[in-house]
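What follows is a single structure, written as structure tokens, with notes after it.
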Amino acid sequence: TYQDCRNEWKDFFIENKIRGKNKGSGGLKNDLEYFIATLTNKIKSNNIKTTSKSSKPLVKYSYHNILRYFKHMVHIDNSECERIWNEEGKLSQTINELKVKAEKANNNQESNEKYYFIHIRDWHDPTNPYQYPEFQNFGFHCIKGSHGADFIKPIEDLITSDSLEQYNIVIDSNTLSCFAGTELDYVLRTIIKNENLLHGNVEMGVFGLVTNIKVKLLAYELNEIYGYKDINICKDLSAGFYNKKHHDGLDYIEEILGIKVLSLEEFKSKFNF
């Protein structure tokens with residue numbers, strides 16, 4: 251059953267209860283293959299048989315079969331994960347550099363720079379019937395309070411930084427829009443008012459997941475609906491479901507919306523860190 255497979259997945263990848271000589275030795279691909287073999291053997295041992303009319307194998311898996319069957323469609327593939335979360339720690343290093351820069355600038359009264367970090371996260375309630383349409387499209391994902399909705403550690407460290415507490419704002423979103431049903435518009439207007447800024451003088455940097463959905467839609471809303479013009483997307487720290495989807499999202503942002511898409515080095519130069 252679906253719940254059985256979820257429990258097996260949790261034991262294998264989260265709790266590390268299932269161990270073997272191949273577990274963890276060859277990266278995610280080998281781990282998945284070993285997990286599938288383990289699950290297949292368990293199914294066989296439970297004497298689950300195909301009907302006499304079927305000549306198909308007892309268990310047949312593929313990445314797309316699993317997605318289609320379990321309808322868990324919010325998934326970043328391995329190559330995209332490795333691209334933004336590489337061995338050199340590109341993502342962690344960049345967030346830490348931003349944190350250091352913000353601490354210096356925000357605590358310096360003579361500085362004309364202020365850095366605010368707005369963290370927009372999917373935060374879904376499976377008991378809320380109004381959220382079912384998204385569950386039907388993408389499956390259950392980012393359930394509030396679950397491991398799947400947690401921030402990654404570098405982001406969590408930034409959010410919990412004592413020196414930047416007032417400059418970190420978490421926005422919980424349960425639709426494809428980052429504005430609908432959230433306080434994002436109010437938060438942005440409050441920051442602009444408190445810092446005595448003009449609407450057109452706000453510089454915005456955006457990166458995250460998923461390029462072809464929420465990053466693209468956020469860029470659209472900021473630009474077309476709320477009138478922010480200095481928007482900068484960091485392509486090296488954003489990821490799509492897979493690489494083509496990532497570039498599809500970037501193409502729309504750059505070619506249709508006319509919003510700047512920057513490399514990591516260009517992004518650092520733009521925001522002076």
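Heads up: the sequence shown begins at 251 in the working numbering, then just goes up one per residue. For glycine and all other residues, C-beta sits at the position ideal for the given N, C-alpha and C. Keep in mind that this is a model prediction, so the values were computed, not measured.
Sequence-distant residues of its chain with Cβ nearer than 8 Å to residue i (five each side left out)
{"i": "Ile509", "result": "Ala469, Asn473, Ile481, Asn482, Ile483 and Ile503"}
{"i": "Lys344", "result": "Checking the sequence shown, residue 344 turns out to be Thr, not Lys. If we look at Thr344 and ignore the five residues flanking it on each side, its Cβ neighbours are Leu487, Leu514 and Lys518."}
{"i": "Glu471", "result": "Ser427, Cys428 and Phe429"}
{"i": "Leu507", "result": "Ala469, Tyr470, Asn473 and Glu474"}
{"i": "Thr377", "result": "none"}
{"i": "Ser295", "result": "none"}
{"i": "Gly431", "result": "Ser423, Asn424 and Thr425"}
{"i": "Glu445", "result": "Lys364"}
Check whether residue i and residue j have beta carbons under 8 Å apart
{"i": "Glu363", "j": "Asn522", "result": "yes"}
{"i": "Ser361", "j": "Ala352", "result": "no"}
{"i": "Gly499", "j": "Lys466", "result": "yes"}
{"i": "Ser329", "j": "Tyr436", "result": "no"}
{"i": "Met454", "j": "Tyr478", "result": "yes"}
{"i": "Asp545", "j": "Ala399", "result": "The question about residue 545 has no answer here: the residues shown for the chain are numbered 251 through 523."}
{"i": "Gly490", "j": "Val460", "result": "yes"}
{"i": "Leu426", "j": "Lys464", "result": "yes"}
{"i": "His391", "j": "Val324", "result": "yes"}
{"i": "Ser413", "j": "Asn357", "result": "yes"}
Close-in-space but distant-in-sequence residues of the same chain around residue i (CB under 7 Å, 5 per side omitted)
{"i": "Leu341", "result": "Ile334, Trp335, Pro404 and Leu487"}
{"i": "His497", "result": "none"}
{"i": "Ser302", "result": "Model confidence at Ser302 stands at a pLDDT of 45, short of 50, so the residue's coordinates are unreliable; what they give is reported in the following sentence. Contacts found: none."}
{"i": "Val511", "result": "Ile483, Lys485, Leu500, Ile503 and Glu504"}
{"i": "Ile442", "result": "His449 and Val452"}
{"i": "Gly458", "result": "Val465 and Ser488"}
{"i": "Ile393", "result": "His374, Pro376 and Ala399"}
Residues that residue i bridges to, as DSSP identifies them
{"i": "Ala489", "result": "Leu459"}
{"i": "Asn482", "result": "Gly455 and Lys510"}
Beta-carbon proximity list for residue i, same chain, < 6 Å, skipping 5 on both sides
{"i": "Lys495", "result": "Asn462"}
{"i": "Ile370", "result": "Ile421, Ser423 and Cys428"}
{"i": "Ile409", "result": "Asn418"}
{"i": "Pro307", "result": "Any answer about Pro307 is weak, because its pLDDT of 45 lies below 50 and its placement is not dependable; what the coordinates show is given next. Nothing meets the Cβ criterion."}
{"i": "Trp259", "result": "none"}
{"i": "Ile326", "result": "Ala489"}
{"i": "Phe285", "result": "Phe262"}
{"i": "Ser366", "result": "Looking at the sequence shown, residue 366 is not Ser but Tyr. The answer, listed in chain order, is Tyr417 and Ile441."}
{"i": "Leu348", "result": "Phe523"}
{"i": "Pro383", "result": "none"}
{"i": "Leu434", "result": "Ile421 and Cys428"}
For residue i, the first and last residue of its enclosing alpha helix (DSSP H)
{"i": "Asn346", "result": "Lys340 to Asn356"}
{"i": "Ser329", "result": "Asn328 to Ile334"}
Host beta strand (DSSP E) of residue i (start-end)
{"i": "Phe367", "result": "Phe367 to Asp372"}
Contact test: residue i Cβ vs the ligand NAD heavy atom, cutoff 7 Å
{"i": "Lys292", "result": "Among the components modelled here there is no ligand, and therefore nothing to report on the ligand NAD."}
Minimum Cβ-Cβ distance from residue i to chain C less than 8 Å
{"i": "His397", "result": "Chain labels in this structure do not include chain C; a single protein chain is all it has."}
Residue ranges of each beta strand (DSSP E) within the region 389-468, 3 or longer: 418-423 and 454-456
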